[in-house]
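A.B. asks: Got a structure here, written out as structure tokens. Questions coming.
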Amino acid sequence: MRLRDAGYVLVIAEKPRAADKIAMALNLSGKRVVNGVRVWEGFFEGRKFLVAPAVGHLFSLDTEEKGFPVFTYKWVPRWLVERKSRYARKYFEVLKSLARGASEYVNACDYDIEGSVIGYLIIKHFGDLSRSRRAKFSSLTKEELVSAFRNLQPLDLRMVEAGLCRHEVDWIWGINVSRALMSFYKKVFGDFKILSAGRVQTPTLIEVFRRHVERECFVPEIKFNISLKLRVGSEELSIRSNFGKDLTEEEANRLKIAIERVGKARVVDVKSRTEVLRPPPPFNLPDLQYEAYRVAKISPALTLSIAESLYLDQLISYPRTNSQKLPKTLNHRTILRSLSNLEDYEEYVSELLKKPSLAPVEGSKEDPAHPAIHPTGYLPRKPLKERERVVYDLIVRRYLASLSDEALLRISTYVLRVLDLELAITSRELLRSGWLRIYDYEEVGALKKFSLRLGEEVSILDVGVVKTFSKPSDAYTKSSLLKWMERSGIGTEATRAEIIETLFKRGYLKQTTSGIDLTELGSVISTISTNLFSELSSVQLTREVEERLDKIITGELSKDEVVREVTSVLKPRLISIKKLLDSDESVKELRRLAGLDSGDASCVICQRLAEFSYEGLRLCRFHGIAYERLRESYETWSKKTKISFIEFLNKVLSLKSSGKYVREVAELLISRRK
DNA sequence: GCAAGGTC
Ligand SMILES: [Zn+2]
Numbered sequence: 177m178r179l180r181d182a183g184y185v186l187v188i189a190e191k192p193r194a195a196d197k198i199a200m201a202l203n204l205s206g207k208r209v210v211n212g213v214r215v216w217e218g219f220f221e222g223r224k225f226l227v228a229p230a231v232g233h234l235f236s237l238d239t240e241e242k243g244f245p246v247f248t249y250k251w252v253p254r255w256l257v258e259r260k261s262r263y264a265r266k267y268f269e270v271l272k273s274l275a276r277g278a279s280e281y282v283n284a285c286d287y288d289i290e291g292s293v294i295g296y297l298i299i300k301h302f303g304d305l306s307r308s309r310r311a312k313f314s315s316l317t318k319e320e321l322v323s324a325f326r327n328l329q330p331l332d333l334r335m336v337e338a339g340l341c342r343h344e345v346d347w348i349w350g351i352n353v354s355r356a357l358m359s360f361y362k363k364v365f366g367d368f369k370i371l372s373a374g375r376v377q378t379p380t381l382i383e384v385f386r387r388h389v390e391r392e393c394f395v396p397e398i399k400f401n402i403s404l405k406l407r408v409g410s411e412e413l414s415i416r417s418n419f420g421k422d423l424t425e426e427e428a429n430r431l432k433i434a435i436e437r438v439g440k441a442r443v444v445d446v447k448s449r450t451e452v453l454r455p456p457p458p459f460n461l462p463d464l465q466y467e468a469y470r471v472a473k474i475s476p477a478l479t480l481s482i483a484e485s486l487y488l489d490q491l492i493s494y495p496r497t498n499s500q501k502l503p504k505t506l507n508h509r510t511i512l513r514s515l516s517n518l519e520d521y522e523e524y525v526s527e528l529l530k531k532p533s534l535a536p537v538e539g540s541k542e543d544p545a546h547p548a549i550h551p552t553g554y555l556p557r558k559p560l561k562e563r564e565r566v567v568y569d570l571i572v573r574r575y576l577a578s579l580s581d582e583a584l585l586r587i588s589t590y591v592l593r594v595l596d597l598e599l600a601i602t603s604r605e606l607l608r609s610g611w612l613r614i615y616d617y618e619e620v621g622a623l624k625k626f627s628l629r630l631g632e633e634v635s636i637l638d639v640g641v642v643k644t645f646s647k648p649s650d651a652y653t654k655s656s657l658l659k660w661m662e663r664s665g666i667g668t669e670a671t672r673a674e675i676i677e678t679l680f681k682r683g684y685l686k687q688t689t690s691g692i693d694l695t696e697l698g699s700v701i702s703t704i705s706t707n708l709f710s711e712l713s714s715v716q717l718t719r720e721v722e723e724r725l726d727k728i729i730t731g732e733l734s735k736d737e738v739v740r741e742v743t744s745v746l747k748p749r750l751i752s753i754k755k756l757l758d759s760d761e762s763v764k765e766l767r768r769l770a771g772l773d774s775g776d777a778s779c780v781i782c783q784r785l786a787e788f789s790y791e792g793l794r795l796c797r798f799h800g801i802a803y804e805r806l807r808e809s810y811e812t813w814s815k816k817t818k819i820s821f822i823e824f825l826n827k828v829l830s831l832k833s834s835g836k837y838v839r840e841v842a843e844l845l846i847s848r849r850k
């Protein structure tokens with residue numbers, strides 16, 4: 177492929193800031209503002225170049241068909257079909273008009289499948305695919321960009337095909353199942369409500385459902401431990417231990433008396449080691465969102481929007497990244513000298529600058545297009561708002577920490593023998609604080625320093641028996657749910673927080689004092705999704721889509737084959753569901769599929785569909801599971817302590833960590849036994 | 001109006 181001599185080369189960037197960087201790297205200094213959009217022109221290696229930005233996707237899939245099943249769709253201008261994307265119109269118009277005068281096109285969007293689609297669709301609609309090439313770079317640094325433009329590649333049509341396929345598969349599943357759900361809702365509850373389902377949101381909702389069941393069907397376990405108060409040097413140390421045994425109440429009481437009688441313990445082993453605490457790597461977006469919540473309770477969605485505005489003010493690098501690595505070419509000394517003008521960091525930074533070399537710690541996470549989040553060195557020109565300040569401060573401190581020395585922790589473990597039993601106590605002392613001085617949010621564990629010699633006797637000042645009750649997993653927060661999505665490999669940096677917000681907007685989730693919980697609607701949608709669309713309800717669908725996209729990239733599969741496969745799974749099912757929805761006598765069956773009361777067999781506690789029967793009591797799946805857990809749990813409780821079933825039920829009612837369904841079943845059983 | 005993915 178040979179570049180034509182006449183006309184200019186139109187370079188399409190994914191976003192305005194990237195267009196600026198590309199122009200800068202290629203020395204294209206002619207800045208013009210067309211229709212409110214910044215574009216750049218100049219000469220690169222003798223050819224006239226023009227760089228203009230998109231703003232992410234400028235086209236979107238859409239259909240004119242109502243109802244479902246729906247398998248016909250086409251790409252349309254995004255600003256036309258999406259209210260919140262009207263701002264994209266001016267970028268759309270500018271690219272459209274500049275494309276007319278161009279003789280060549282370069283797709284210089286991020287080198288990933290979405291970037292390939294963004295540039296491809298613009299060239300396809302406004303330009304000429306046969307006169308196009310792809311710029312391939314993994315960061316927007318001058319070196320990489322110059323090399324990418326000296327070695328322009330043929331258009332990456334397999335990446336494009338994979339990208340188009342991802343859009344189509346998500347559209348087909350999402351739109352069809354959402355419409356089926358709305359149709360179900362109308363039929364069963366009588367009114368219209370906006371509902372949705374999708375490859376990422378549905379497994380996330382179902383994970384909250386699982387946690388809801390786990391917590392609300394939870395029966396605390398009882399445990400008996402020995403508490404000891406020891407004299408260690410001049411200090412008193414309180415500890416709890418079960419000596420590695422699952423003690424019954426009787427055993428614990430006997431042990432307490434025996435230990436009281438001895439009154440002392442002996443140090444029989446001493447192990448000391450120095451633990452090296454490496455600085456944390458610089459932030460990727462998930463880490464920043466997690467820390468902003470942990471340190472300042474800022475929600476993941478708000479953290480992203482704050483980071484976005486810091487990025488647009490040029491204070492930090494691009495935030496929607498998964499990378500925990502900084503570019504080798506980044507000039508840390510320049511950034512540090514600039515940061516030293518800020519009072520908060522001045523002292524620490526001046527120490528860092530004395531180091532002979534500055535090599536940031538790297539994490540393992542990578543990103544195809546953007547490095548870890550770091551301060552640019554540009555300083556705020558006006559005072560930041562409170563939350564902006566908090567997020568900016570976190571980013572700066574994390575960056576400084578990544579350039580800092582390791583911290584050293586001295587950990588000494590002493591094994592004490594009392595009677596024929598052993599227990600360990602641990603002393604922790606910070607020998608060198610290193611990076612912990614600048615990033616002091618990290619929990620190093622309570623520091624408690626003491627020292628004992630081998631063979632030394634330790635007096636036991638007090639002994640007691642402590643009864644403890646286990647607790648269920650915590651309810652999810654927006655932060656821990658986002659972490660779950662990340663670990664499960666669903667969604668992207670840019671979308672996870674927003675998808676959690678969508679689940680709230682649909683009325684599937686609610687915020688309670690202990691965290692996120694499912695609403696009644698959320699429970700119905702989870703249940704019907706699991707029953708009718710099991711594929712969409714699991715993170716496994718994402719794995720399968722990814723495998724197929726990889727095969728499209730290697731040429732083993734085509735987009736049409738993958739779309740045909742999805743259609744063949746979904747279409748027959750949608751047709752039979754539609755038939756069910758259209759029939760007159762289907763409401764009962766539909767209610768059953770949603771786990772709702774279907775008329776004849778309902779739970780004696782909540783009227784949901786009964787799926788269990790115990791002691792002549794019809795119980796729904798929640799109360800049925802709660803009943804089973806209560807029975808199992810009583811078995812273990814009664815082995816450890818003398819307690820009647822009624823006493824046990826009353827005790828469970830009094831414990832805060834007992835689940836809602838468990839309490840309701842306990843109350844019912846108590847009232848029946850009166 | 002529904003997805004998930006870009007970006008303001
Ligand atoms: Zn029930």
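Quick note, this note's numbering runs 176 ahead of the 1-based positions in the first sequence.
For each residue, glycine too, the CB sits at the ideal point set by N, CA and C.
So what does Arg-208 bridge to, in DSSP terms?
C.D. replies: Val-215
A.B. asks: Could you tell me if the beta carbon of Arg-387 falls within a distance shorter than 6 Å of some heavy atom in ligand 1?
C.D. replies: no
A.B. asks: Using only the alpha-carbon positions, how far apart do Ile-382 and Arg-593 sit?
C.D. replies: Approximately 48 Å between the Cα atoms of the pair.
A.B. asks: Could you check if Asp-332 is buried or exposed, using at least 16 other CB atoms within 10 Å of its CB as the buried criterion?
C.D. replies: buried
A.B. asks: Please report the distance separating the alpha-carbon of Ala-441 from that of Ser-809.
C.D. replies: A direct Cα-to-Cα measurement between Ala-441 and Ser-809 gives close to 35 Å.
A.B. asks: How many whole angstroms separate the CB atoms of Lys-832 and Glu-392, which I take to be in contact at a CB cut-off of 8 Å?
C.D. replies: Their Cβ separation, rounded to whole angstroms, is 13 Å, which puts Lys-832 and Glu-392 out of contact at 8 Å.
A.B. asks: I want to check one thing, is the minimum distance from the CB of Arg-805 to the heavy atoms of ligand 1 below 6 Å?
C.D. replies: no
A.B. asks: Identify, in the order they occur along the chain, each residue of the same chain with its Cβ nearer than 8 Å to the Cβ of Leu-844, setting aside the five sequence neighbours on each side.
C.D. replies: Val-780, Ile-781 and Leu-793
A.B. asks: Could you tell me which residues DSSP pairs with Thr-378 in its beta bridges?
C.D. replies: Bridge partners of Thr-378: none, in fact.
A.B. asks: Could you spell out where the alpha helix (DSSP H) holding Trp-349 opens and where it closes?
C.D. replies: 333-365
A.B. asks: For Tyr-575, collect the residues of the same chain with a Cβ closer than 7 Å to its Cβ; drop the 5 residues on either side in sequence, then sort them by chain order.
C.D. replies: Within the same chain, Cβ atoms closer than 7 Å to the Cβ of Tyr-575 are found at Pro-458, His-550 and Pro-551, the five residues on either side in sequence being excluded.
A.B. asks: Please list, in chain order, all residues of the same chain as Arg-805 whose beta carbon is under 7 Å from its beta carbon, the five residues on each side excluded.
C.D. replies: Cys-393, Val-395 and Val-838
A.B. asks: Can you look up Leu-793 in the DSSP assignment and give me helix, strand or coil?
C.D. replies: If DSSP states are grouped into helix, strand and coil, Leu-793 belongs with the strands.
A.B. asks: Between Ile-781 and ligand 1, is there a pair consisting of the residue's CB and a ligand heavy atom that are separated by less than 6 Å?
C.D. replies: yes
A.B. asks: For Arg-768, verify whether its CB is less than 6 Å away from any heavy atom of ligand 1.
C.D. replies: no
A.B. asks: Taking the continuous beta strand (DSSP E) assigned at Thr-653, which residues delimit it?
C.D. replies: Where Thr-653 is concerned, there is no enclosing beta strand (DSSP E), because DSSP gives it neither an H nor an E.
A.B. asks: Can you look up Tyr-521 in the DSSP assignment and give me helix, strand or coil?
C.D. replies: Correct three-state label for Tyr-521: helix.
A.B. asks: Could you tell me the alpha carbon to alpha carbon distance between Gly-243 and Leu-750, rounded to whole angstroms?
C.D. replies: About 11 Å.
A.B. asks: Using a 10 Å radius around the Cβ and a threshold of 16 neighbouring Cβ atoms, would you call Phe-365 buried or exposed?
C.D. replies: exposed
A.B. asks: Pick helix, strand or coil for Pro-748, following the three-state DSSP scheme.
C.D. replies: helix
A.B. asks: Which residue comes first and which comes last in the beta strand (DSSP E) that contains Gly-640?
C.D. replies: Start and end: 633-645.
A.B. asks: How many whole angstroms separate the CB atoms of Thr-743 and Pro-503, which I take to be in contact at a CB cut-off of 8 Å?
C.D. replies: That pair is no contact at about 43 Å.
A.B. asks: For Ser-284, tell me which candidate among Ala-275, Ile-294, Gly-277 and Phe-626 has the shortest Cα-Cα distance.
C.D. replies: Sequence inspection shows Ala at residue 284; the Ser mentioned does not correspond to that position. The shortest Cα separation from Ala-284 among Ala-275, Ile-294, Gly-277 and Phe-626 belongs to Ile-294.
A.B. asks: Just to confirm, does Cys-341 get its C-beta within under 6 Å of one of the non-hydrogen atoms of ligand 1?
C.D. replies: no
A.B. asks: According to DSSP, which residues form a beta bridge with Thr-812?
C.D. replies: Paired residue(s): none; Thr-812 is not in a bridge.
A.B. asks: Which whole-angstrom value is the C-beta distance of Leu-491 and Tyr-590, which I expect to be below 8 Å?
C.D. replies: Not really, about 49 Å apart at Cβ, beyond 8 Å.
A.B. asks: What number of angstroms, rounded off, separates the C-alpha of Phe-325 from the C-alpha of Pro-544?
C.D. replies: Phe-325 and Pro-544: Cα-Cα distance of roughly 18 Å.
A.B. asks: Can you give me the Cβ contacts of Lys-362 inside the same chain, cut-off strictly under 7 Å, excluding the 5 residues immediately before and after it?
C.D. replies: Phe-368
A.B. asks: Quick one: is the Cβ of Cys-285 within less than 6 Å of any heavy atom of ligand 1?
C.D. replies: no
A.B. asks: Does the distance from the C-beta atom of Ala-189 to that of Pro-229 stay below 7 Å?
C.D. replies: Contact: yes.
A.B. asks: Is the closest heavy atom of ligand 1 to the C-beta of Cys-393 under 6 Å?
C.D. replies: For ligand 1, not one heavy atom lies less than 6 Å from the Cβ of Cys-393.
A.B. asks: From the DSSP secondary-structure annotation, give me the bridge partner or partners of Pro-547.
C.D. replies: Answer is none; Pro-547 lacks a bridge partner.
A.B. asks: Quick check on Arg-724: does DSSP put it in helix, strand or coil?
C.D. replies: helix
A.B. asks: Is it the case that the CB of Arg-672 approaches a heavy atom of ligand 1 more closely than 6 Å?
C.D. replies: no
A.B. asks: Whole angstroms is fine: what's the gap from Lys-405's alpha carbon to Ile-601's?
C.D. replies: 12 Å
A.B. asks: Leaving out five residues on either side along the sequence, give the residues of the same chain with a beta carbon under 6 Å from the beta carbon of Val-572.
C.D. replies: Pro-551
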